[in-house]
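Working notes for the structure below.
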Amino acid sequence: MGPVSNLELSNLSEFATKVVRFLEAEGETRAVAYDAGRDELAVGDGQALTHFIGLGRLKARHDAIAEASAQARVFERDLIALRRMPTSFDAAARRLYPRLRPRATLATLELRRQVLSAMGQGDGDDISVPHQEVNSALAVHLVFQLSEEAVDVGQDRLKAWGRSFDELLEVAVANLAALPEDEPRELRPGLWALTGESGHVAARLVVGSALEKTTLGPDAVAMAPNQNVLLFADPADDAALIQMARIGLEASQAPLGLWGVTMARSDGRWDPWLPEASRPSHGPLKLARLPGTARLYAAHRDIQAAWHEIQNVADEVSPLLAVQDDGKPYGSAVWQRGVATLLPPADRVAVVDVSTGEPRAWSVPWADLATLGVTLVHVEGVLDYWRATGDVPLESITSYPRLQ
463 MGPVSNLELS NLSEFATKVV RFLEAEGETR AVAYDAGRDE LAVGDGQALT HFIGLGRLKA
523 RHDAIAEASA QARVFERDLI ALRRMPTSFD AAARRLYPRL RPRATLATLE LRRQVLSAMG
583 QGDGDDISVP HQEVNSALAV HLVFQLSEEA VDVGQDRLKA WGRSFDELLE VAVANLAALP
643 EDEPRELRPG LWALTGESGH VAARLVVGSA LEKTTLGPDA VAMAPNQNVL LFADPADDAA
703 LIQMARIGLE ASQAPLGLWG VTMARSDGRW DPWLPEASRP SHGPLKLARL PGTARLYAAH
763 RDIQAAWHEI QNVADEVSPL LAVQDDGKPY GSAVWQRGVA TLLPPADRVA VVDVSTGEPR
823 AWSVPWADLA TLGVTLVHVE GVLDYWRATG DVPLESITSY PRLQ
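Sequential numbering of the sequence shown, starting at 463, is according to this note's numbering.
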């Protein structure tokens with residue numbers, strides 16, 4: 463690398479000052495020194511925790527963004543998002559917000575923490591995410607909001623700040639309440655939507671009074687399929703519920719997708735809800751849940767299998783597959799005959815036979831498993847599983863549709 467010109471040095475010096483001001487604004491209290499010879503900042507005294515920030519590449523990434531307001535993303539990604547960099551609570555407080563998350567996702571993170579701990583890879587406090595239950599499906603936790611993304615607030619951050627989750631949740635709720643809120647709009651009779659771009663719309667299900675701003679009564683049902691979408695509908699209006707299901711199905715698979723679970727108020731809280739199976743809206747609303755449910759089981763499967771290995775448990779873990787047959791989608795688990803397997807609840811089960819050397823599978827309705835001789839034992843947990851065992855005769859399944 464050639465010598466640095468005076469102009470370049472001046473630019474780096476000015477840039478270093480800009481970085482220092484940003485760090486101070488974010489609560490950095492350690493000494494910061496600029497080393498012109500190395501083109502870097504040293505954050506810390508070199509004895510305790512110290513970070514070194516190379517200014518050349520950071521400035522190049524910063525200058526590559528023309529929009530001044532967007533340049534902060536570079537600092538946030540490269541500086542704040544370093545989870546080990548101490549950030550004072552006072553500086554962080556204004557960036558805290560509540561966020562809805564499936565309880566199963568948080569349970570998977572906790573199981574991952576246990577796996578890593580059992581493997582001797584630390585206590586996993588940076589993985590553990592403190593939260594509060596909203597209902598059997600959802601929980602609320604805390605995020606640290608950057609310009610275009612939100613970082614989970616883990617147990618390690620609570621320890622660093624010396625604050626309790628309840629205390630921080632109160633701060634986060636106040637921050638959300640202070641944000642400008644769009645008014646819900648009526649999409650069609652019996653169906654209302656609150657949307658936005660902040661990533662904090664879904665949390666208004668439990669913070670604020672979005673429902674009260676609609677013409678629907680207190681018996682309305684809700685769905686938060688995306689962090690930026692909150693829906694309310696008349697539970698007696700099948701047409702509105704079907705449209706809710708269509709929007710929820712699409713929104714749950716978009717960026718910031720959450721889960722297309724319909725909820726109704728019960729004893730002061732929102733609980734998962736579905737209309738009677740005989741109603742036209744039952745199928746579409748059940749389908750709206752499927753992509754999110756399949757994602758939850760997919761994320762959990764490998765972690766559960768790793769935990770089984772640590773615990774010397776031989777059980778297999780089935781995925782939950784979203785399958786479409788003649789235009790009709792359904793959920794399917796997978797079970798190999800004679801192998802103890804944890805099955806997620808599904809409409810059908812792909813029963814696999816390998817006795818000929820080549821795997822063959824037949825699609826069997828879940829309701830038929832017991833009559834075929836499969837023993838199903840419920841396994842309690844945030845994610846629902848049934849342990850399937852039994853040596854089902856091959857001839858008893860070959861009458862079902864063969865899977866290719």
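Ideal Cβ positions, reconstructed from N, Cα and C, are used throughout, including at glycine.
Go through its chain and collect everything with a Cβ distance to residue i's Cβ below 8 Å, but skip five positions before and after it.
| i | result |
| --- | --- |
| asparagine 473 | Lys521 |
| methionine 547 | Unreliable placement is indicated for methionine 547, whose pLDDT of 42 sits below 50; the coordinate value is still reported in the next sentence. Here the set comprises Glu490, Val505, His513, Leu541. |
Distance check for residue j and residue i, CA to CA, integer angstroms please.
| i | j | result |
| --- | --- | --- |
| proline 592 | alanine 487 | 26 Å |
| threonine 818 | glutamine 798 | 13 Å |
| leucine 758 | proline 806 | 11 Å |
| tryptophan 848 | valine 841 | 6 Å |
| glutamine 689 | alanine 768 | 30 Å |
| valine 836 | alanine 761 | 26 Å |
| serine 579 | aspartate 588 | 12 Å |
| lysine 621 | proline 781 | 36 Å |
| phenylalanine 537 | isoleucine 709 | 36 Å |
| arginine 625 | glycine 722 | 33 Å |
| methionine 463 | alanine 495 | For methionine 463, the predicted model reports a pLDDT of 31, less than 50, meaning its position is unreliable; a value from the coordinates is still stated below. Answer to the nearest angstrom: the Cα atoms are 23 Å apart. |
| valine 481 | isoleucine 704 | 51 Å |
| serine 475 | leucine 608 | 26 Å |
| proline 855 | valine 839 | 20 Å |
| serine 714 | arginine 565 | 16 Å |
| tryptophan 623 | isoleucine 859 | 59 Å |
| leucine 630 | serine 671 | 21 Å |
| arginine 647 | valine 775 | 52 Å |
| alanine 684 | glutamate 529 | 38 Å |
| glycine 730 | valine 577 | 36 Å |
| glutamate 820 | alanine 739 | 39 Å |
| leucine 485 | histidine 524 | 15 Å |
When the distance is taken between beta carbons, is residue j closer than 7 Å to residue i?
| i | j | result |
| --- | --- | --- |
| aspartate 777 | histidine 770 | yes |
| alanine 756 | alanine 784 | yes |
| phenylalanine 477 | leucine 503 | no |
| glycine 652 | alanine 702 | yes |
| proline 737 | serine 743 | yes |
| asparagine 597 | tryptophan 735 | no |
| proline 915 | alanine 493 | Only positions 463 to 866 of the chain appear in the structure, and residue 915 is not among them; the question remains open. |
| alanine 599 | leucine 568 | no |
| aspartate 830 | arginine 822 | no |
| alanine 686 | leucine 667 | yes |
| aspartate 787 | arginine 741 | no |
| leucine 804 | valine 844 | no |
| glycine 582 | arginine 575 | no |
| threonine 724 | leucine 692 | no |
| phenylalanine 694 | alanine 682 | yes |
| aspartate 853 | glycine 800 | yes |
Compare the C-alpha of residue i against each of the options and name the closest.
| i | options | result |
| --- | --- | --- |
| aspartate 628 | Arg741, Ala760, Glu595 | Glu595 |
| aspartate 809 | Asp501, Leu692, Lys675, Ser825 | Ser825 |
| leucine 638 | Leu562, Glu572, Lys790, Asp699 | Leu562 |
| aspartate 497 | Glu857, Val613, Phe537, Ile515 | Ile515 |
| threonine 570 | Gln766, Gly789, Glu857 | Gln766 |
| glycine 661 | Val505, Asp696, Arg557, His524 | Arg557 |
| aspartate 696 | Leu711, Val669, Ala655, Ala665 | Ala655 |
| proline 827 | Val683, Leu804, Asp815, Val796 | Val796 |
| glutamate 611 | Leu649, Pro717, Val775, Gly506 | Pro717 |
| leucine 749 | Lys790, Tyr862, Asp525, Arg483 | Lys790 |
| threonine 491 | Ala684, Gly506, Thr724, Asp525 | Gly506 |
| valine 813 | Val844, Ile772, Leu865 | Leu865 |
| tyrosine 862 | Leu834, Val839, Asp853 | Leu834 |
| glycine 754 | His524, Gly499, Glu712, Leu573 | Glu712 |
Output needed for residue i: all residues of its chain with C-beta closer than 6 Å, excluding positions within five of it in sequence on either side, in chain order.
| i | result |
| --- | --- |
| aspartate 644 | Gly658 |
| leucine 752 | Ala784, Gly793 |
| valine 615 | Leu604, Phe606 |
| alanine 802 | Asp777, Thr851 |
| glycine 719 | Asn688 |
| arginine 519 | none |
| alanine 832 | none |
| isoleucine 527 | Gln533 |
| threonine 479 | none |
| serine 467 | At serine 467, the pLDDT of 35 sits below 50, so the modelled position is not reliable and the matter cannot be decided from this model. |
Distance cutoff 7 Å, beta carbons only. Does residue i sit that close to anything in chain D?
| i | result |
| --- | --- |
| asparagine 690 | Checking the listed chains, one finds no chain D in this structure; it contains a single protein chain. |
So, at 7 Å on beta carbons, what are the nonlocal neighbours of residue i in its own chain, with the 5 sequence-adjacent residues on each side left out?
| i | result |
| --- | --- |
| isoleucine 772 | Val577, Ala580 |
Item to check | Sufficient close CB pairs (3 or more, under 8 Å) joining the stretch 673-682 to the stretch 641-655 | outcome: Here the stretch 673-682 makes contact with the stretch 641-655; the two share three or more CB pairs at distances below 8 Å.
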